[in-house]
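K.L.:
Dropping the structure in here first, questions after.
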Amino acid sequence: MFNAQAAQIFRSCTGALSSRTIARSSATAVSRRAALGARSRYYSDDKSQSADQSKKTETENSEAEANEKDEVEVSPETSLLHKLKAEESKVADCMSRLRYLQADYLNLQRNAAREKEQARDFAISKFAKDLLETVDVLSMALKSVPKEVVAPPAESSSDASSSSSSSNPPAEKSADAYLRELYEGVESTQRLLLHTLFKHHVKPYDPVGEKFDPNLHEALYQVPIPGKEPGTVFDCQKTGYMIKDRVLRAAQVGVVQDTQS
Numbered sequence: 064m065f066n067a068q069a070a071q072i073f074r075s076c077t078g079a080l081s082s083r084t085i086a087r088s089s090a091t092a093v094s095r096r097a098a099l100g101a102r103s104r105y106y107s108d109d110k111s112q113s114a115d116q117s118k119k120t121e122t123e124n125s126e127a128e129a130n131e132k133d134e135v136e137v138s139p140e141t142s143l144l145h146k147l148k149a150e151e152s153k154v155a156d157c158m159s160r161l162r163y164l165q166a167d168y169l170n171l172q173r174n175a176a177r178e179k180e181q182a183r184d185f186a187i188s189k190f191a192k193d194l195l196e197t198v199d200v201l202s203m204a205l206k207s208v209p210k211e212v213v214a215p216p217a218e219s220s221s222d223a224s225s226s227s228s229s230s231n232p233p234a235e236k237s238a239d240a241y242l243r244e245l246y247e248g249v250e251s252t253q254r255l256l257l258h259t260l261f262k263h264h265v266k267p268y269d270p271v272g273e274k275f276d277p278n279l280h281e282a283l284y285q286v287p288i289p290g291k292e293p294g295t296v297f298d299c300q301k302t303g304y305m306i307k308d309r310v311l312r313a314a315q316v317g318v319v320q321d322t323q324s
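If you use the numbering used here, the sequence shown corresponds to residues 64 to 324, in order.
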């Protein structure tokens with residue numbers, strides 16, 4: 064009886080073990096099938112994506128080829144129009160450059176003519192400035208002689224009767240007469256020299272009574288003078304000269320000083 068029970072227990076255990084192994088084998092088989100199915104799905108998705116990309120590239124290539132064909136297949140009229148537009152732009156560029164060159168040439172001509180005129184007008188500036196010293200010396204010589212000495216004397220009746228008689232010899236000249244003649248000669252020389260300078264547009268100017276201008280005047284000294292406006296020229300030591308509109312020599316002057324400052 065004991066042997067029969069043991070055999071029955073052994074059979075039940077072997078049956079349980081066999082059922083467990085069968086269940087395990089079936090589960091592993093199912094999991095393998097699922098994994099294979101997922102892999103096959105992944106492979107199919109990758110293939111579909113690559114196919115879509117290839118289709119897109121093919122369509123893009125076909126469009127580019129079509130555009131190239133359109134560009135290549137241009138009618139001769141359109142090509143001539145393009146060439147004509149390009150030539151017109153070149154002509155416009157050349158015309159603008161020609162206008163600029165013409166304007167530059169005209170400006171160069173004007174500048175050359177102005178410089179030539181200035182060179183002609185101011186060519187004697189240095190020579191005229193040197194002559195001004197001679198004019199100053201002659202002016203100082205004339206100012207040094209009093210006016211009453213060089214004034215012509217009044218002829219008396221005795222002088223008139225003696226001059227009318229031809230028997231008497233002519234009287235000798237006095238020192239005042241010689242001085243008077245010398246004065247007249249110096250005055251004539253100064254007048255002729257100034258007239259020559261006037262021909263070359265060299266003119267004097269006396270700024271007494273005018274407002275002091277540093278461009279035209281050279282201040283030698285300042286003196287406060289009541290009743291006169293400060294900054295006014297009241298004395299001229301040397302006369303100023305201009306050649307046309309340019310200062311040849313500034314006038315050397317004395318200026319009224321401002322006592323309030």
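Just so it is clear, CB atoms sit at the ideal spot from N, CA and C, and this is done for glycine as well.
(1) Which two residues bound the contiguous beta strand (DSSP E) that contains F275?
(2) Could you compute how far the alpha carbon of K179 sits from the alpha carbon of E292?
(3) Determine the direct distance from the alpha carbon of V212 to that of S228, and round the result to whole angstroms.
(4) Count the C-beta pairs between the stretch 232-251 and the stretch 266-281 that are closer than 8 Å, then say yes if the count reaches three, no if not.
(5) So the alpha helix (DSSP H) P139 belongs to, where does it begin and stop?
(6) What does DSSP give as the partner residue(s) for V265 in the beta ladder?
(7) What residues in its chain sit with their C-beta under 7 Å from that of E250, if we drop five residues either side in the sequence?
(8) Helix, strand or coil, according to DSSP, for T322 in the structure here?
(9) Could you give the distance in angstroms between the alpha-carbon of L161 and the alpha-carbon of V154?
(10) What are the partner residues of E281, as DSSP defines its beta bridges?
(11) For V208, which residues in the same chain have their Cβ closer than 8 Å to its Cβ, ignoring the five residues on either side in sequence?
(12) DSSP three-state call for V213: helix, strand or coil?
(13) May I have the straight-line CA-CA distance separating H264 from N170, to the nearest angstrom?
(14) Looking at the unbroken alpha helix (DSSP H) that takes in K206, where does it start and where does it end?
(15) Is it the case that the Cβ atoms of R312 and K189 are separated by a distance below 8 Å?
(16) Are the beta-carbon atoms of C299 and V286 separated by less than 8 Å?
(17) Return the Cβ separation of T295 and K274 in integer angstroms, given the expectation that the two are a contact with Cβ distance under 8 Å.
(18) Please say whether F185 and I288 have beta carbons closer to each other than 8 Å?
(19) Taking 7 Å as the cut-off, is the C-beta of N170 nearer than that to any heavy atom in the ligand ZN?
(20) Are the CB atoms of T252 and L194 within a distance shorter than 8 Å?
(21) In the DSSP assignment, what residue or residues form a beta bridge with D298?
(22) In whole angstroms, what separates the C-alpha of N174 from that of K262?
(23) Whose CA, out of D199, A149, R309, M158, lies closest to the CA of T302?
(24) Exposed or buried, Y163, counting other C-beta atoms within 10 Å across all chains shown (16 or more means buried)?
(25) At the level of alpha carbons, what is the spacing between V310 and T322?
(26) So, are the CB atoms of T197 and L256 less than 8 Å apart?
(27) Is the beta carbon of Y268 closer than 8 Å to that of A314?
P.N.:
Quick look at the numbers:
(1) Where F275 is concerned, there is no enclosing beta strand (DSSP E), given that its DSSP letter is neither H nor E.
(2) For K179 and E292, the distance between alpha carbons rounds to 43 Å.
(3) With a pLDDT of 48 at S228, under the threshold of 50, the predicted position of this residue should be treated as unreliable, though the coordinate-derived value follows. If I take the Cα positions, the gap works out to 28 Å.
(4) No, the stretch 232-251 does not touch the stretch 266-281.
(5) Start and end: 139-184.
(6) Bridge pairing for V265: I306 [DSSP].
(7) Excluding residues within five positions, the ones whose Cβ falls inside 7 Å are L205.
(8) Correct three-state label for T322: coil.
(9) Going from the Cα of L161 to the Cα of V154 covers about 10 Å.
(10) Beta-bridge partners of E281 (DSSP): Q315.
(11) Excluding positions up to five away in sequence, the list reads L242, Y246.
(12) Helix.
(13) Counting only the Cα atoms, N170 lies some 27 Å from H264.
(14) 188-206 is the span of the alpha helix (DSSP H), which, as asked, contains K206.
(15) Note that the C-beta distance between R312 and K189 is not below 8 Å.
(16) In this structure, C299 keeps its C-beta atom at 8 Å or more from the C-beta atom of V286.
(17) About 6 Å; that satisfies the 8 Å criterion.
(18) No, the pair does not count as a contact, with Cβ atoms beyond the cut-off.
(19) The model on display carries no ligand, and the ligand ZN is accordingly not part of it.
(20) In this structure, L194 lies away from T252, with their beta-carbon atoms at least 8 Å apart.
(21) According to DSSP, which records beta bridges pairwise, D298 is partnered with G317.
(22) Distance between the alpha carbons of N174 and K262: 26 Å.
(23) The shortest Cα separation from T302 among D199, A149, R309, M158 belongs to D199.
(24) With fewer than 16 Cβ atoms within 10 Å of its Cβ, Y163 is classed as exposed.
(25) The straight-line gap from Cα to Cα measures roughly 31 Å.
(26) If you check the CB distance, T197 and L256 come in under 8 Å.
(27) Taking 8 Å as the Cβ cut-off, A314 and Y268 qualify as a contacting pair.
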